[in-house]
Each structure stands twice: as C-alpha cells, then as structure tokens.
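In the working numbering, the protein residues as written are -19 to 330.
A virtual CB, placed ideally from N, CA and C, is assigned to each residue, including glycine.
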Amino acid sequence: MIMTTPKQEGYFMPGEWHPHTACWMAWPCAADAFSRAPMDLETAHKSAKKCWAEVANAVSRFEPLYMLTNKEDLGETKSLCGPDINIIETELDDGWFRDSGPSFVINKTGDVAGVNWIFNGWGNRGPHERDNRAAGFVLDRMGIKKYDSPLVLEGGGIHVDGEGTVLLTESVQLNKNRNPELSKNEVENYLREYLNVEKIIWLCGDRNQTSTDGHVDAVASFIRPGRILLGTSNDTTHPDYETFQKNREILENNRDAQGRAFEIVEITEPYEILANGTQVKGIYVNFYMANNGIVMPKFDFPKYDQAALDIFTREFPDREIVQVSTRMILFGGGNIHCITQQQPAPNQIG
-19 MIMTTPKQEG YFMPGEWHPH TACWMAWPCA ADAFSRAPMD LETAHKSAKK
31 CWAEVANAVS RFEPLYMLTN KEDLGETKSL CGPDINIIET ELDDGWFRDS
81 GPSFVINKTG DVAGVNWIFN GWGNRGPHER DNRAAGFVLD RMGIKKYDSP
131 LVLEGGGIHV DGEGTVLLTE SVQLNKNRNP ELSKNEVENY LREYLNVEKI
181 IWLCGDRNQT STDGHVDAVA SFIRPGRILL GTSNDTTHPD YETFQKNREI
231 LENNRDAQGR AFEIVEITEP YEILANGTQV KGIYVNFYMA NNGIVMPKFD
281 FPKYDQAALD IFTREFPDRE IVQVSTRMIL FGGGNIHCIT QQQPAPNQIG
C-alpha cells in the first residue's frame, strides 16, 4: 500500500479539458435506480440502458471508451453498445461511475495515477460493496499507480480547474452520512493532499436531492480555468432557485487559486412536475468534455435545449457539440457527467 499522497509525489488532478487517454463508464445494472420514472420499472430500466449506450457511443466518437459490466449483462451490453466500445466484465452494484470510479491524477514528468476514494453508496443509500471495489479494479487492471484515500468522496462531488481550485458542496462533503468523524478543516486537508489543490470553494447543494444530497456537478462546472458554467433560473418556484442565487453570490465573492475573479456563464435549468408528482429538473451543467468534442444533454424542453446548445456552441467553438436525449437518466438522479469518468493522458515531456 502506498503511504504517501499524490501531492507529496507531485501529482494533481487536471481539468476535464486536458487531453484524455480514455473515458470509463459502468453499465446501469440496478433497475430500482429508475423507480421515479413515470412508467413501469422494466420499461424505465430498458430506456435508461439505451441512454447509457447512446452516451457511450457519442463519447467513443472522440476517444476510446471502456464499459464495465456484470457477467449476466455482457450480452445486453454488447448488443446495445457499438463495436467501438471496449467492454470489461467485473462486479457492479450500479452505473454511476463518476461517483464510484477513480479520480485520475497526473504529474509533470509523464506519469498517471489514480485516487481510490471510499465509496459508501451516497451515504449508505443502497448496496455499494461491489462499486466500492470498482475504482481499484480499474487501476489494477490498467497497471496504474493507486493511492487509497481514507476519505469518503464521490467524483460528482468535485470539480477542479487543474490550477489549484476545487468546487464542491457542503450538502454532500460535510454531510454526516459521508465522513461523520471529520471536521471541515480535516476534509479540506484531505482534498489538498489527494487532489493537490490550494483554493477550496464550498457551494450550496440541494439537501433535498434524494440520490446524492446535491453534487456540485448538478449546479456548476468549469469551462476552463477562471470560467464557470452555473445553473440558474428566473422561476422563483424552481426548487433550486435559492441555491442558484447563493452560488452566484459565493462565486462573485471569491477568487481562484491564481487570484482571478470568476467569469460566470449562467445557463437556465428547466423544471416541471409530472402527473405522478415526480420533479424533472434539467441539469445542462452535467456534461462530458471529450477530446475535441462535447457530449451534452437535452431533456425534451425544446426552448431550453436549444438555448443550452447555443451557449455550448459559443463557449466551445473548437469542439464538436453532440446532444443526447438523456431525460431518462434524470430519473435516476443524475446525467451525462455522472455516468462518465475521464482518464487524462500523461503530460508530454520534451
């Protein structure tokens, strides 16, 4: 077991725009994750699996993609995913690999390593023993150096800029269902050691979010160093309206690790209540930044989907934008960023 930390050995987590070696995903094997969908569970699960495959196929246009799956799901995974998807058999509880997968880190001398966080199923909400082993499985299989962290953390709970700044939410990382024995200062010290960050900015998450307690990747994401895509709404009935306002205020009153004021790009997140009482909240900030491409969601809100596409087209002029209809993934509690995990390429030396 490695007793040092990434920071001590010169590693840091790069921004998601750093070139990738690959993207990792996990097959959505847990049907009950989609119990909030306005249809029978079998139909919802089938629809969700098709969404996963569509996201995988979209990402694979830009970079290699590895899909983890259970033995009993191998046939279905192969039939729904395209021929370019690399399918790997392992043991899974669920398909939210942003949260259960490793956080890859790099150094300036051409090495890649991975942080193996403790994954406790979003505060012991369900089975997670297999998923807690998945990050280590990937790192061991790929022969990548592994740092075992004592911190409970999900990948969707952090966003970094690769230049010393991390965004996260108090509703998740300071929740007593994650690290009840740790103080805020102790959590921050672990973040500094395992991500090699200097500036830690605590945003507000949605404590009423029944799946995760309010991950940061549902409210904000880095576009590039110093520039942040921030969810917003002018609808005062939106359940996250106050959260949006508070987060803008927090960012306006902060600087990043390099001393820069943040440039904030607001994107309107739509909202509706279905006949069965289910809330549908779009989260356009929850996208995947691939090599030379962006894979972003659309939620069957035509006006908002187009407005979001216009913003992404403006913000990423050198990348091909691909929109995937991922409304069904919302019913599981997340979206495209939640189910993907980038593996950064090593820094080129010389």
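With a minimum length of 4 residues, the unbroken runs of alpha helix (DSSP H) contained wholly in the stretch 257 to 324 fall at 282 to 295 and 307 to 310. Excluding sequence positions up to five before and after residue 170, its CB lies within less than 6 angstroms of the CB of 131, all in the same chain and listed in chain order. Residue 46 and residue 54 have their C-alpha atoms spaced approximately 13 angstroms apart. Residue 167 and residue 200 have their alpha carbons spaced roughly 20 angstroms apart. Going by DSSP, residue 127 is part of the beta strand (DSSP E) stretching over 125 to 132. In this structure, residue -4 and residue 269 form a Cβ contact; the two beta carbons are roughly 4 angstroms apart against a cut-off of 8 angstroms. Taking the Cβ atoms as the reference, residue 116 lies roughly 5 angstroms from residue 96, within the contact range of under 8 angstroms. In the DSSP assignment, residue 164 falls within the unbroken alpha helix (DSSP H) covering 164 to 175. Under the criterion of beta carbons closer than 8 angstroms, residue -17 and residue 77 do not qualify as touching, at roughly 27 angstroms.
Within the model, the alpha-carbon separation for residue 154 versus residue 297 is close to 37 angstroms.
Annotation for residue 77: no beta strand (DSSP E) segment contains it, though the alpha helix (DSSP H) segment containing it runs 77 to 80. According to the DSSP assignment, residue 0 belongs to no alpha helix (DSSP H) but to the beta strand (DSSP E) extending over 0 to 6. Nearest in C-alpha terms to residue 327, of all of 253, 0 and 73, is 0.
Taking 4 residues as the shortest admissible run, the stretch 201 to 241 contains the following complete alpha helix (DSSP H) segments, listed from N- to C-terminal end: 221 to 232. Taking a cut-off of 8 angstroms for Cβ pairs, the stretch 47 to 66 and the stretch 286 to 300 do not touch, as fewer than three such pairs fall below it. With a threshold of 16 other beta carbon atoms within 10 Å, residue 324 meets it and is buried. In its chain, beyond the 5 residues on either side, 37 have a beta carbon closer than 6 angstroms to the beta carbon of residue 62. In the three-state reduction of the DSSP assignment, residue 21 falls in the helix class, which pools H, G and I. The beta strand (DSSP E) runs lying completely inside the stretch 78 to 105 and spanning 3 residues or more are 83 to 86 and 92 to 98, given in chain order.
Counting along the chain, the unbroken alpha helix (DSSP H) around residue 54 starts and ends at 54 to 60.
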